[in-house]
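For the sequence shown, the residue numbers in this note's numbering are 916 to 1590. Glycine is no exception: its CB is placed at the ideal position from the N, C-alpha and C atoms. Here the structure is a predicted model, which means the values were calculated and not measured. Beneath this line is the structure, given in structure tokens, with notes to follow.
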Amino acid sequence: MKHKIYLLIGLLLSSFSILQAEDGSRLWLRQPQNAHAQVTANKQSPTIGLATRELQQAWQGAPVTLELKKDKQLDKDGFRIRHTSDGLTITSPDEIGLLYGTYHLLRLQALQSNDLKTDNEIIENPAYQLRILNHWDNMDRTIERGYAGKSLWNWDELPNTLSDRYEAYARANASIGINGTVLNNVNASPQILSAEYLQKVKALADVFRPYGIRVYLSVNFASPMVLDSLPTADPLDKEVIRWWKNKTKEIYKLIPDFGGFLVKANSEGQPGPCDFGRTHAEGANMLADALKPYKGIVMWRAFVYSPSDADRAKQAYLEFQPLDGQFRPNVIVQVKNGPVDFQPREPYSPLFGSMKHTSLMAEFQITQEYLGHSNHIAYLAPMWEEFFQFVPATSQKAIAGVSNIGTDANWCGHPFAQANWYAFGRLAWNPQLGSDEIADEWLKQTIYKEGVTDISPIHTDLKKMMLESREAVVDYMMPLGLHHLFAWGHHYGPEPWCKVPGARPDWLPSYYHKADAQGIGFDRSSTGSNAVAQYPDSLARLYNNLATCPEEYLLWFHHVPWRHTMKSGRTLWDELCRHYDAGVQQVKKFQKTWDKAEAFVDADCFKDVQSRLKIQARDAVWWKDACLLYFQQFSQMPIPYDIERPIHELDDLEKVQLGISNYECPSGELLNRNR
Ligand code: GCW
916 MKHKIYLLIG LLLSSFSILQ AEDGSRLWLR QPQNAHAQVT ANKQSPTIGL
966 ATRELQQAWQ GAPVTLELKK DKQLDKDGFR IRHTSDGLTI TSPDEIGLLY
1016 GTYHLLRLQA LQSNDLKTDN EIIENPAYQL RILNHWDNMD RTIERGYAGK
1066 SLWNWDELPN TLSDRYEAYA RANASIGING TVLNNVNASP QILSAEYLQK
1116 VKALADVFRP YGIRVYLSVN FASPMVLDSL PTADPLDKEV IRWWKNKTKE
1166 IYKLIPDFGG FLVKANSEGQ PGPCDFGRTH AEGANMLADA LKPYKGIVMW
1216 RAFVYSPSDA DRAKQAYLEF QPLDGQFRPN VIVQVKNGPV DFQPREPYSP
1266 LFGSMKHTSL MAEFQITQEY LGHSNHIAYL APMWEEFFQF VPATSQKAIA
1316 GVSNIGTDAN WCGHPFAQAN WYAFGRLAWN PQLGSDEIAD EWLKQTIYKE
1366 GVTDISPIHT DLKKMMLESR EAVVDYMMPL GLHHLFAWGH HYGPEPWCKV
1416 PGARPDWLPS YYHKADAQGI GFDRSSTGSN AVAQYPDSLA RLYNNLATCP
1466 EEYLLWFHHV PWRHTMKSGR TLWDELCRHY DAGVQQVKKF QKTWDKAEAF
1516 VDADCFKDVQ SRLKIQARDA VWWKDACLLY FQQFSQMPIP YDIERPIHEL
1566 DDLEKVQLGI SNYECPSGEL LNRNR
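Quick look at the structure:
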């Protein structure tokens, strides 16, 4: 009797946990945990213990052997999976490779992949050695450009209380190959290096370690002045050098595998070596020397633009390229994918390929600062794929993505925003994976509710929606190479008219669109700012010529007359109108696609995405009307008669105030406030 009651309670609990678990909190790791697989290993360690447990609980197939062994074909994180007479063997020269192999195997199982059915060996090595998330998390748990709740790191409770989420976070990252995390905002508080906070950082590092995740910190260059009242932070000053050496030693005592520092210096008001008449290289090298004995690295950001006359898109190159060859080997210069700032579409940053004697790494933005926050679907893999066409992974050893993770139950706010975290990890492992393949993997593992066996009526459409979503955002926000038309501060809605008395010109949209009676766009050709000259010759020629410049970058590189004839034969103005309208129509199509998915997904998830799509559809119209009505004042041309008419007055749109802060926008709260 007693047993029966326990059984009943057990059943109730497990069905309850299944219901609970459809809230997105399990991410792409939703496989049943009741497998009892047979697993053996030729060594024991915490990491191998994790791999063993994952397999025991979820692997439904033949016995698995975990084999730690040198193998000429495998890098440290790489693995081999092969069939043997008594089951499967996962081999790796390092424990972490065994864990990656484990997650790979379980992913193949979840996807019912054919790779498993054949006798083929699977060999995987990551493209980038360092695959790092950058958190822009502040010490008060707000997140700069975070749209999924608060920061995961509960600094007040640390180091004594460890949230379950810390381990879940590490596991999720390990499952997609991410092996580093920068815990705090690049606009860094010096406090993070205080003895008190280092204890908290250590507590997190201890949780992450078995999952192969190394901890890094963003540091404020003026830390010695703020924390210990040194009179200067000059990187050539003996006391300053000593301070950083001691601080580094203190960190490694607590965290022997600490990864290193990320630095935003002399950018947007942050302190840096230039405050003391030194170069970025001198600043970075001083930190690199302190880290070298421990094999730590410095990731030094190239996101700089001073209030000078030079075109903002040229500035990172102008400042950093001349320093090529001056950085220590353990410095990596971290460069945003584009030359301006994470816009919906930018050409790649010309710094890539132009610093032959310096290690560079790309910084992507997973959080959708400029792509509709967590209200809009914008699957970013196609954007990153575009980047890899210009900047192949072979040229670098590291890659970073600005995280979109917060305390929301589903981690990322929008249920589909998880796909961007997932895609970043998968691409950092293998940039050759197609956006299509990654979307396929993510959907199958994440989105369909338990019990659905046939996804074929909806799967292709959902995948298509994801694949088209980023281009839709480009279309309704900033087509044809337009950029930075965002509202002051929050970077959510349109404000191409924005004027802020006394503001830096390059913080205002008109600096970028330059609309006037003649035309629109930023002349970066040889007759303008000549930013084209920063690209390799063949590309420079292509971009420089109005006739050959790819239309998706047209207004990035040229100021183009309104009546210019486009490839379609239409005028630029008509083409612009059509792109804006196409973006709007696309989102309406997404709404239809999603409504068809109702029977296949969890009810709450369905409603959540449905209501966010409504917001996205309204926002798309808002963007289209705002931009077209505003630019029409210059073009003086009619909106083509066969496309939907604006439904707003420009005057009204110019009065829209969202009332959201620059730094935090908890998901779900951005429901068209004050509109
Ligand atoms: O994209 C811009 C953001 C800032 C950010 C900065 C940076 C962390 O608007 O919020 O600050 O870039 O990358 O440093």
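Locate the beta strand (DSSP E) running through residue i, then write down its first and last residues.
i, result
"Trp1215", "1212–1216"
"Phe1279", "1274–1280"
"Val979", "979–983"
"Val954", "954–956"
Tell me whether residue i sits in a helix, a strand or coil according to DSSP, three-state version.
i, result
"His998", "strand"
"Leu1573", "coil"
"Gly1340", "helix"
"Val1388", "helix"
"Ser1090", "helix"
"Glu1490", "helix"
"Glu1039", "strand"
"Ser1144", "coil"
"Tyr921", "Because Tyr921 carries a pLDDT of 49, less than 50, the predicted location of this residue cannot be relied on, and no value is offered for it."
"Thr1480", "strand"
"Pro1424", "helix"
"Thr1592", "Shown here, the chain extends from 916 to 1590; a query on residue 1592 therefore has no answer."
"Phe931", "Residue placement at Phe931 cannot be trusted, given a pLDDT of 46 that sits under 50; the coordinates are not used to answer."
"Glu1234", "helix"
"Leu944", "coil"
"Met1122", "Note on identity: in this sequence residue 1122 is Val, with Met being the wrong assignment. Correct three-state label for Val1122: helix."
"Thr1508", "helix"
"Ala1199", "helix"
"Ser1138", "helix"
"Gly1583", "The pLDDT assigned to Gly1583 is 36, lower than 50, so where the model puts this residue is not dependable; a value taken from the coordinates is nonetheless given after this. Here Gly1583 sits in coil by DSSP."
"Arg1590", "Because the pLDDT of Arg1590 is 29, which lies under 50, any placement of that residue in the model is unreliable, and the number read from its coordinates should be weighed accordingly. Coil."
"Tyr1556", "coil"
"Tyr1209", "helix"
"Phe1401", "strand"
"Leu926", "Low per-residue confidence applies at Leu926: pLDDT is 47, beneath 50, and the placement is therefore not dependable, though the value from the model is reported in the following sentence. The answer is helix: DSSP assigns Leu926 an H, G or I state."
"Gly1175", "strand"
"Leu1461", "coil"
The ligand GCW and residue i: does the residue's C-beta get closer than 8 angstroms to at least one heavy atom of that ligand?
i, result
"Phe1235", "no"
"Glu1183", "yes"
"His1399", "no"
"Asn1102", "yes"
"Lys1271", "no"
"Asp1256", "yes"
"Glu1284", "yes"
"Trp1215", "no"
"Arg945", "no"
"Phe1279", "no"
"Trp1403", "no"
"Glu1059", "yes"
"His863", "Lying before the first or after the last residue shown, residue 863 is absent from the chain, which here runs from 916 to 1590."
"Phe1218", "yes"
"Trp1158", "no"
"His1406", "yes"
"Lys1179", "yes"
"Lys1251", "yes"
"Trp1051", "yes"
Let's see if you can read the secondary structure: which residues bound the alpha helix (DSSP H) around residue i?
i, result
"Ile1156", "1153–1169"
"Gln1249", "Per DSSP, Gln1249 belongs to no alpha helix (DSSP H); it is in the beta strand (DSSP E), 1246–1251."
"Val1447", "Taken as a continuous stretch (DSSP letters only), Val1447 belongs to no alpha helix (DSSP H), as it is neither H nor E."
"Ala1532", "1518–1550"
"Ser1350", "1350–1361"
"Thr962", "961–973"
"Gln1024", "1010–1025"
"Leu1031", "1029–1032"
"Leu1469", "1469–1472"
My parser needs the beta strand (DSSP E) runs of 3 or more residues fully inside the stretch 1294–1338; what are they? 1313–1317
Check: Considering only residues of the stretch 1041–1118, which uninterrupted alpha helix (DSSP H) runs meet the minimum length of 4 residues and lie entirely inside it, listed in chain order?
Finding: 1079–1090
Below 8 angstroms, how does it come out for the stretch 1327–1344 and the stretch 1089–1103: are there three or more Cβ pairs, yes or no? yes
| message | Check whether the stretch 956–970 and the stretch 1002–1018 touch, using three or more Cβ-Cβ pairs below 8 angstroms as the test. | response | yes
message: Between the stretch 1563–1575 and the stretch 1527–1546, can you find at least three pairs of beta-carbon atoms closer than 8 angstroms?
response: yes
Exercise for review: Determine, using beta-carbon pairs with one atom in the stretch 1415–1433 and one in the stretch 1450–1467, whether at least three such pairs fall under 8 angstroms.
Suggested key: no
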